[in-house]
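Numbering (UniProt numbering), first residue to last: 1 to 469. Glycine included, C-beta positions come from ideal geometry on N, C-alpha and C.
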């Protein structure tokens, strides 16, 4: 049956369906746009002149805040690939702003490795119209720059497949590259020379490690102010020189002063060490704290001053000053048996007596310890090595001709002997008291036996004899 409202109902349903189709079409278009943006635009490997990216910095310090904006990524069929990011990281109660390069989640380069930029409110990266790459704060202050202003950088900032971040001109000439300022990581294809080095800054200390190419060797060094100590080196022969270049370029990173080559394991999803220069904890220069010895069990023990055992960073020198240049009541040298030092430095003097070597250290307020050795491999060779710090100590088998002595304030060992003497007296006193108590117990036992137990037996025997009679 025909109804006058039926066409209206049908037209209304068609209108709703048409509206739904329009909404779905718009959603599909938006979805396609976002898919294109995230797969194409976010994975680009270069940005043009005038590019800017910024991260707001919280006004109140928060331990949980880390800001990171990835803006470059290499297109690579292998995982992981390289990415460049502007980063804001917490450090010592404030925030540091830096340009960084990552492989996966592992940081391989940072503009703030040697000098940190700590702006307020905003951290901004800009590739200026004059071709200078700059890190800026909210007031336009420049915390880091590539120094390429006016050098013809008219094209782009590019992240190469090797992890090298480069600024190029319109004719594709490189004017700046991150590979020329290495940090603590060396990547495949990167080269370092005598003029450059890898540098690592351990936390909670003013010392730092370096990996250096020298004229006849490659070496790991511990640096503290003007002091430089080698603790590992490799001297290639002429036949090994070509192999050395390949070996150094394998990609390296070191933590706690160790040098290692790493490869990515797809099955485990992380980097693993293929090679490490130092295989035992005690061969590391800062395995233990000041005045600590790394023992055969890879634990740390204080030298002479206490018997405590600890994990990494104790205060073995607590109780006396180690700044011998401030004067005082004088110093003395204490010999530590069965100890050597992994830190190597050219000898202060050669062919001197042990007494003369020790006296030279006493007279030099910057000398903290002495390693004196006598070897007879090629005639009698006597070496006197002075150290400006008491670090890198390692327990070894005691051998003739090797002596390690530590400088301490005069009277330190006397005080230790006094304390030891007091302990001995206390132990003797306690021993005497215990002996006296034992004797008293024995005498009391005999007295109890003779005067109580024996008397009861005699009385009991007399009672039985009286009954029998």
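Whose C-beta lies closer than 7 Å to the C-beta of residue i among residues of the same chain, with five residues either side of it excluded?
| i | result |
| --- | --- |
| residue 65 | 58, 90 |
| residue 284 | 256, 257, 258, 278 |
| residue 201 | 208 |
| residue 390 | 290, 291, 368, 369, 406 |
| residue 216 | 235 |
| residue 156 | 46, 47, 48, 168 |
Could you pull the DSSP bridge partners for residue i from this structure?
| i | result |
| --- | --- |
| residue 213 | 218 |
| residue 85 | 70, 100 |
| residue 302 | 292 |
| residue 408 | 332 |
| residue 156 | 48, 168 |
| residue 341 | 393 |
| residue 375 | 381 |
| residue 138 | For residue 138, which the question treats as bridged, DSSP gives no partner whatsoever. |
| residue 206 | Residue 206 pairs with nothing; no bridge assigned. |
| residue 64 | Per DSSP, none; premise fails for residue 64. |
| residue 370 | 386, 405 |
| residue 125 | 53, 135 |
| residue 224 | 227 |
| residue 270 | 265 |
Is residue i helix, strand or coil when you go by DSSP?
| i | result |
| --- | --- |
| residue 120 | coil |
| residue 444 | helix |
| residue 278 | coil |
| residue 512 | As displayed, the chain neither begins before 1 nor continues past 469, which places residue 512 out of reach and without an answer. |
| residue 324 | helix |
| residue 351 | coil |
| residue 174 | strand |
| residue 184 | coil |
| residue 179 | helix |
| residue 168 | strand |
| residue 105 | coil |
| residue 46 | strand |
| residue 132 | coil |
| residue 317 | coil |
| residue 110 | strand |
Tell me which same chain residues have a C-beta within less than 6 Å of the C-beta of residue i, skipping the five on either side of it?
| i | result |
| --- | --- |
| residue 474 | A question about residue 474 goes unanswered here, because the residues of the chain that appear run from 1 up to 469. |
| residue 381 | 375 |
| residue 172 | none |
| residue 221 | 210, 228, 230 |
| residue 438 | none |
| residue 264 | 271 |
| residue 419 | The predicted model places residue 419 with a pLDDT of 45, which falls under 50 and marks its position as unreliable; any figure quoted below should be read in that light. Within the same chain, residue 419 has no close Cβ partners at all. |
| residue 144 | 111, 117, 135 |
What are the boundary residues of the alpha helix (DSSP H) that includes residue i?
| i | result |
| --- | --- |
| residue 360 | 354-363 |
Residue range of the beta strand (DSSP E) that residue i falls in?
| i | result |
| --- | --- |
| residue 142 | 142-145 |
| residue 54 | 52-56 |
| residue 384 | 381-387 |
| residue 92 | Taken as a continuous stretch (DSSP letters only), residue 92 belongs to no beta strand (DSSP E), as it is neither H nor E. |
| residue 197 | 197-200 |
| residue 234 | 227-234 |
| residue 264 | 260-265 |
Considering only residues of the same chain and omitting the five flanking positions on each side of residue i, which have a CB-CB separation below 8 Å?
| i | result |
| --- | --- |
| residue 398 | 337, 338 |
| residue 440 | none |
| residue 164 | 177, 178, 179, 187, 189, 190 |
| residue 73 | 42, 43, 44, 45, 81, 82, 83, 84, 159 |
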